[in-house]
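Chains as they are written, first to last, in my numbering: chain X, 1 to 189; chain U, 1001 to 1189.
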């Protein structure tokens, strides 16, 4: 029996009080699509060895999990501000760098521009925030490197407008469908 | 004559009105350390072809630039909130995924925890923000994936307390020194 494909489940829900339960729900949904979900909190920190600092241990275990994974699904919902969580974004870049298929969703339907406070056009018509920093106007959900990475990979960011931002799984299921299709096409199953 | 090593210069200064001038200053500093600086804004968008959307063209050119680069230096200063710019963080992950040396600095000396508004300990002693989201307490400048990536690579994040956050190059020079040493040791020069 060939192993089912493994999907790394990245997202800032690890910071919620009920993180473990959200991870469990994501893994159950993975099963329904013939996939094995790998949730970062399932790593056993003790496995890294007591002599390693906890943050370094978590980093190494997460990276090892991404190396074991056949693909990644990233929760890129706004986190503590207009944009996605830095840890999740780092992992999106890392798995793209590994050359593995990546899929992403956000629980906000609007654009980064719409979510950035105090934006206005300058004399040249360029959108800038209160500090004078340019805000991209490509209709993307986040920084273009994130949206274009996903679009260029063949699966544009799934935008699911939901009320319960971080934990809602409305946008997760379309990503699962895409991942299942891609991994089977790739001959993994 | 062997080519000098090329260093990709990532950071949110591309969003400042004087982005091109900051890029120029970074390239001049690179020269002083025997390196060639590759600044994203130096890409010629037209080279991607007129049929490609602008955001996708920028993405592809930046990725191609990172593939050409021998290393990357990342400006991870706080950007529109407590944490680093998403585009820069994505690129850090990508170059780490490519297996290239990465170096990072931040123009804030304090921790992510200290910069996150409204934090307080919950009943279990865990720091949480106003939305109940956990805030890491490892003394890191940002999400542990960023700090641990750099520390694990042998060059911990350079923390330069400056007043002019995004454009200041105080933390950039120590990264250049580290990059120059690493690339020479690696036999590139």
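Yeah, the Cβ is synthetic: ideal placement off N, Cα and C, and Gly gets one too.
{"Check": "Going by DSSP, what residue range makes up the beta strand (DSSP E) through residue 28 of chain X?", "Outcome": "From DSSP, residue 28 of chain X is part of no beta strand (DSSP E) but of the alpha helix (DSSP H) over 19-32."}
{"Check": "Helix, strand or coil: how does DSSP classify residue 176 of chain X here?", "Outcome": "helix"}
{"Check": "Examine the Cβ distances between the stretch 1154-1161 of chain U and the stretch 1097-1106 of chain U and report whether three or more of them are shorter than 8 Å.", "Outcome": "yes"}
{"Check": "How is residue 106 of chain X classed by DSSP in three states: helix, strand or coil?", "Outcome": "strand"}
{"Check": "Closest by CA to residue 155 of chain X, which one among X/74, X/79, X/91?", "Outcome": "X/74"}
{"Check": "Is it true that the CB of residue 1055 of chain U sits closer than 7 Å to the CB of residue 113 of chain X?", "Outcome": "no"}
{"Check": "Which residues in the same chain as residue 1094 of chain U place their Cβ atom closer than 8 Å to its Cβ, once the five residues preceding and following it in sequence are excluded?", "Outcome": "1063, 1066"}
{"Check": "To the nearest angstrom, how far is the alpha carbon of residue 84 of chain X from that of residue 142 of chain X?", "Outcome": "7 Å"}
{"Check": "Could you check where the beta strand (DSSP E) with residue 7 of chain X kicks off and where it finishes?", "Outcome": "6-10"}
{"Check": "Spatial neighbours of residue 39 of chain X within its chain, please: CB distance less than 7 Å, with the 5 preceding and 5 following residues excluded, ordered by chain position.", "Outcome": "9, 23, 26, 27"}
{"Check": "Cα separation between residue 96 of chain X and residue 1097 of chain U?", "Outcome": "7 Å"}
{"Check": "For the stretch 1043-1056 of chain U, list every residue whose C-beta sits within 9 Å of some C-beta in chain B, in sequence order.", "Outcome": "Checking the listed chains, one finds no chain B in this structure; the protein chains it contains are X and U."}
{"Check": "I need the boundaries of the alpha helix (DSSP H) containing residue 1151 of chain U, first residue and last residue.", "Outcome": "1144-1152"}
{"Check": "I need the DSSP call for residue 1130 of chain U, collapsed to helix, strand or coil.", "Outcome": "coil"}
{"Check": "Just to check my reading of the structure: residue 41 of chain X and residue 20 of chain X have Cβ atoms closer than 8 Å, yes? What is that Cβ distance to the nearest angstrom?", "Outcome": "6 Å"}
{"Check": "Answer with buried or exposed for residue 45 of chain X, where buried requires no fewer than 16 other C-beta atoms within 10 angstroms of its C-beta.", "Outcome": "exposed"}
{"Check": "List, in chain order, every chain U residue whose beta-carbon is nearer than 9 Å to that of residue 149 of chain X.", "Outcome": "1059, 1063, 1090, 1094"}
{"Check": "Using only the alpha-carbon positions, how far apart do residue 1151 of chain U and residue 123 of chain X sit?", "Outcome": "43 Å"}
{"Check": "Could you tell me if residue 1163 of chain U is buried or exposed, where buried requires 16 or more neighbouring beta carbons within 10 angstroms of its beta carbon?", "Outcome": "exposed"}
{"Check": "If distances are taken between C-alpha atoms only, which option among U/1166, U/1146, U/1060, U/1117 comes closest to residue 132 of chain X?", "Outcome": "U/1166"}
{"Check": "What separation, rounded to the nearest whole angstrom, lies between the Cα atoms of residue 176 of chain X and residue 33 of chain X?", "Outcome": "7 Å"}
{"Check": "Do you know offhand how far residue 1183 of chain U's Cα is from residue 1153 of chain U's?", "Outcome": "13 Å"}
{"Check": "Quick one: Cα of residue 1014 of chain U to Cα of residue 71 of chain X, how far?", "Outcome": "31 Å"}
{"Check": "Tell me the DSSP secondary structure of residue 1037 of chain U in three-state form.", "Outcome": "strand"}
{"Check": "Output yes if chain U places a C-beta closer than 7 Å to the C-beta of residue 103 of chain X; else output no.", "Outcome": "no"}
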